[in-house]
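Chains as they are written, first to last, in the numbering used here: chain Y, 682 to 981; chain R, 3 to 792. This report refers to the structure that appears directly beneath it.
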Amino acid sequence: MNYLVGAFKPPCNIFISFADGRSRKQVPLKKENGKTVMVALFQSQENIVGEVVIEPIQGKKVEHNGVKIELLGQIELYFDRGNFYDFTSLVRELDVPGELYERKTYPFEFSTVEMPYESYNGVNVRLRYILKVTISRNYVSNIVEYQDFVVRNYTPPPSINNSIKMEVGIEDCLHIEFEYSKSKYHLKDVIIGKIYFLLVRIKLKNMELEIRRRESTGSGPNTYVETETLAKFELMDGAPVRGESIPIRLFLSPYELTPTYRNINNKFCVKYYLNLVLVDEEDRRYFKQQEITVYRLLET
Amino acid sequence: MMLNGAEDEEKWLAEGIAGIQHNAFYMHRALDSNNLREALKYSAQMLSELRTSKLSPHKYYDLYMRAFDELRKLEIFFKDEGKHGVSVVDLYELVQHAGNILPRLYLLCTVGSVYIKSKEAPAKEVLKDLVEMCRGVQHPLRGLFLRSYLAQVSRDKLPDIGSEYEGDADTVMDAVEFVLQNFTEMNKLWVRMQHQGPGRLREKREKERNELRDLVGKNLHVLSQIEGVDLEMYKETVLPRVLEQVVNCKDDLSQYYLMDCIIQVFPDEYHLQTLETLLGACPQLQPTVDIKTVLSRLMDRLSNYAASSADVLPEFLQVEAFAKLSNAIGKVIEAQVDMPAVGAITLYVSLLTFTLRVHPDRLDYVDLVLGACVKKLSSIPKLDDSRATKQVVALLSAPLEKYNDIVTALTLSNYPRVMDHLDNGTNKVMAMVIIQSIMKNNTCISTVDKVEVLFELIKGLIKDTDGADVDELDEEDFKDEQNAVARLIHMLYNNEPEEMLKIICTVRKHTMAGGPKRLPFTVPSLVFSALRLIRQLQGQEGDIVGEEVPATPKKIFQLLNQIIEDLSNVPSPELALRLSLQCAEAANDCDLEHVAYEFFTQAFVLYEEEIADSKAQVTAIHLIIGTLQRMNVFGVENRDTLTHKATGYSARLLKKPDQCRAVYACSHLFWVDDQDGIKDGERVLLCLKRALRIANAAQQMANVARGSSGPVTLFVEILNKYLYFFEKGNQQITGAAIQGLIELINTEKQNDSATPDSASDAFLASTMRYIQFQRQKGGIMGEKFESIKL
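Structure follows, in structure tokens:
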């Protein structure tokens, strides 16, 4: 993203590239302008190594007070637009003040960078990682260049993963018992389970399982909660009778989920819920929501 | 809304079909360009048309079949991994991403079928998964069709014995398990259909349900086609599981259909070996189930099976088929308290048919069945249900038809007891059936016991039953019935005189209770039956030793005497008179003067006291004369008394012509044309003269009354008598006398007042021709006739 300053074109081009850029995995990232670009993928504790190339435009010289590269982890809350909270900020000086006449390459390296949070693009909040190159100048504004990258952190399979089992109902109307085999799912997991009807006195039409994402931002009185339904999956067609047991098998891979984020720098959290919805013939909806934990399992 | 129901449905169907065609078009395009993603998308959309709730089963089937055809194309595409580049395992997951359950499961079944074919996973795993996942569709109609689709695509991929899908992990047991589970679920859905929607549409729903039954039944058919289902497995697994479902579903339509299905699709041999289990389920069915039809079909099948080959009969005995069936029927009747009598009886009819066909030699079985039926019948009030009555008749007719011999039926102690439960009308019908059977087969009933039983059976015909409405009787029917009884009496016969006498006594005992209307029909038969015995005894007279023999003609005559007396008391004097004369004649043949005299006395008494009608008198007197003429047993004195009486009565008849005819008939009493017959020419002449006098008187009376003399018929008749006796050589009858008579006739004819009568003229002419003929013949007779001058 170029910040154009005044009517002038910047006197130089800045290219940021990663040392292992060709072999590193690229993932899509949705930019602010709605376009999707492919960017490099990192995880926490990785070394971020690369180089910055500054190429002055033919015949121009660039005077500067120094060149630096920063690695920033930022949280941007949309209702607080323009304010970025940097939770990570690392700086490497690339050049002392001077003048540039020709193309110059600066290698850089951030070793074992702590990047505890994953990149996230939500409804009200965005968490992003960028490399920012600044050529500081006197009197005129600095020349700045950004390079986004994505961070994903992997979690080992949880050692404890209990099933979710519950009996719910409306007295003398509907009693069901449902069971999801696990409470924690990785992103490509399958939800297996069943619903057992103990008592059915209402005329059901169908039943579906929804995956809902609840994103809450801010804190205290300024908390904003946004809930999205990511999946609607019909489990049952028609009215069951007592004793019927309906299987659940829902593959998570088709849906764009992220891991569960409990508390990201006290700014936001993202949680996932399974919502079991029963619809009766008058389109009344009966539902029960259960939180599940989503985690990212290292893909092999 | 209901009025336009059918129209709307057509519209919805058309929309559905259009939807399928539209999406199928895009699906084909995707298939042609090997675009899996698009193919899945459009096929799912196409299948979404099947989510409709608006169509009746019939229309839904139409829609389903169109989707089915399209799915075949999709399946072919799925099979060809080269085209879409996705392994079947991945494909199996991929189709499960569809959000709507119905399209998802149709696709899953389609891929599942490819999956099994690929053998990348054991067939049983895939089948199990499919049948389990299909639980998601709980809507009865949609679920039934979905599962029917599953059954359809999987039926050639079951791990049956000898199939390519059979392996270490996949056994025929898995195949059976799969089909059983699908069957169970389908039946549950099918049953549930009945309980959905408003109650007022119940009938319509039931009809619609009925249309779907073959979807459920197909599973049983598949089961029966599995090679690996041998008797053992059928006995241990298949049948118990199927029956469990049938019993538990508590739905009469389903229970009836499925029981029938079981009976029809599995081999007879299996049924025979599992009879106990199969029958054990029957009492547990709903009371409204038409179990009698089910059991009847079973018994039909079994009896056909038994008939198919004699080799299988030992099997029937070994498994005690009869006992089990009989037992089961008893239990069913006991369990279904509300079953109408007709149902119970129909069951017994079936059982009886079965018994007669499978164990024709076991009369005790037949009797047992009848006994059970009696028990049932006695627990209910008198039958008034016409259908039930019909069944009882069928029940009773079956043994008759089978054995073609009433004697067999007579040994069945419960037979008459069943008949007791019929109403009067039907009882009679049944009695007629029995009699007709006897007639048809010419069965001879030859012992007293059997006769007793027989009369017990047909007692409806023999006597008035209590409370029978006499007015209801149809005269014609009554006659037919009684004639039948009369014919029957002749079939009761034994060569042994002693036994025969007993039979006669028994018959008498029964028939005499018949009342005035019946006796005239039955007594003649009885009398002639007795007379036959007498003639038989007479034939073997030489063999009779001593007077100790119980069956002597005398005794029988005594019996007859009483019978006739009874008859005359009815009163039916004319008949009694005829029978008396018959007896007299028989007594004559037996040389029993005394007895014959007695019968004659009886006849005369009847004539005098009972026969009042003049026409009847004429007939009676002629009969008496005829019989008397043939008697040769009487001594002079007795004979004189009797002839005297006969002539006396003759002259006292009401009308002159009748008197005349009777009197000239009496002339024969004095001239028996036998070797040692009485030949009293004088008295003959006397009679004839007397007749002539009466004829004259008659002629004069006619003149006085009508102004014209009657025809000369009487004279011609008397002339004939003259000629007869003349020919026979009666010396008292002379040619001159005849000549005189002819002249008299001619004079009468020429009388002005004579009315011409062609009949008497012809009679006279032919008489004259006869005389001419005799004259021309020559010889002694010719000479004799020459003396008559014409």
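Note that the Cβ used here is the ideal one computed from N, Cα and C, for glycine as well.
In this structure residue 658 (chain R) touches residue 696 (chain R) by the C-beta definition: roughly 6 Å separates them, less than 8 Å.
Counting only Cβ-Cβ distances below 7 Å, residue 194 (chain R) has contacts in chain Y at 922, in chain order. Pairing residue 218 (chain R) with residue 192 (chain R) gives a Cβ-Cβ distance under 7 Å. Taking one beta carbon from each stretch, the stretch 308 to 320 of chain R and the stretch 330 to 337 of chain R have fewer than 3 pairs nearer than 8 Å; the two do not touch. Residues of the stretch 951 to 966 of chain Y with a C-beta less than 7 Å from any C-beta of chain R: none at all. Along the stretch 171 to 185 of chain R, none of the residues has a CB nearer than 9 Å to a CB of chain Y. By the CB criterion at 7 Å, residue 765 (chain Y) and residue 832 (chain Y) fall outside the cutoff. Taking a beta-carbon distance threshold of 7 Å, residue 919 (chain Y) counts as an interface residue toward chain R. In the three-state reduction of the DSSP assignment, residue 664 (chain R) falls in the helix class, which pools H, G and I. R:622 is the residue among R:23, R:684, R:633 and R:622 whose C-alpha sits nearest the C-alpha of residue 663 (chain R). Rounded to the nearest whole angstrom, the CA to CA distance from residue 740 (chain R) to residue 647 (chain R) is 28 Å. Any Cβ of chain Y closer than 7 Å to the Cβ of residue 139 (chain R) would place that residue at the interface, and such an atom is present.
When the Cα atoms are used, residue 782 (chain R) and residue 737 (chain R) turn out to be separated by approximately 14 Å. Residue range 90 to 96 is occupied by the alpha helix (DSSP H) that includes residue 90 (chain R). The distance from the Cβ of residue 928 (chain Y) to that of residue 875 (chain Y) is about 5 Å, consistent with a contact at the 8 Å cut-off.
Shortest Cα-Cα distance from residue 43 (chain R) to any of R:19, R:779 and R:76 involves R:76.
Spatial neighbours of residue 742 (chain Y) in its own chain (CB-CB distance under 6 Å, excluding positions within 5 residues in sequence) are listed in chain order as 780 and 782.
For the set Y:787, Y:889, Y:822 and Y:756, the Cα lying nearest the Cα of residue 744 (chain Y) is the one of Y:822. At least one C-beta of chain Y is nearer than 7 Å to the C-beta of residue 135 (chain R). Counting C-beta atoms within 10 angstroms of its own C-beta, residue 848 (chain Y) has fewer than 16 neighbours from the protein chains shown and is therefore classed as exposed. Looking at the DSSP output, residue 807 (chain Y) shares a beta bridge with Y:757 and Y:802.
Residues of the stretch 139 to 163 of chain R that bring their beta carbon within less than 8 Å of a beta carbon in chain Y comprise 139, 140, 141, 142, 144 and 145, in sequence order. From the beta-carbon of residue 789 (chain Y), no residue of chain R is found nearer than 9 Å; the closest lies around 42 Å away. Listed by position along chain R, the residues whose Cβ is nearer than 7 Å to that of residue 979 (chain Y) form an empty set, because the closest Cβ is around 21 Å away. Nearest to residue 675 (chain R) by alpha-carbon distance, out of R:118, R:732 and R:480, is R:732. With fewer than 16 other Cβ atoms from the protein chains shown falling within 10 Å of its own Cβ, residue 656 (chain R) counts as exposed. Residue burial is scored here from C-beta neighbours: residue 679 (chain R) has fewer than 16 other C-beta atoms within 10 angstroms and is therefore classed as exposed. Residues of chain R with a Cβ closer than 8 Å to the Cβ of residue 927 (chain Y) are, in chain order, 137, 138 and 140.
For residue 882 (chain Y), there are no neighbours in chain R by C-beta distance under 8 Å, as the nearest C-beta there is about 13 Å away.
Each residue's CA atom was taken as its position, placing residue 50 (chain R) and residue 100 (chain R) some 11 Å apart.
Within the stretch 110 to 123 of chain R, no residue has its Cβ closer than 7 Å to any Cβ of chain Y.
Contact check for residue 125 (chain R) against residue 172 (chain R) passes: the beta carbons are separated by less than 7 Å. C-alpha of residue 369 (chain R) to C-alpha of residue 328 (chain R): approximately 12 Å in a straight line. Nearest to residue 818 (chain Y) by alpha-carbon distance, out of Y:789, Y:731, Y:715 and Y:778, is Y:778.
Secondary-structure assignment with DSSP links residue 762 (chain R) through no beta bridge to anything. Under a criterion of Cβ atoms nearer than 7 Å, the residues of chain R adjacent to residue 914 (chain Y) are, in order, 101.
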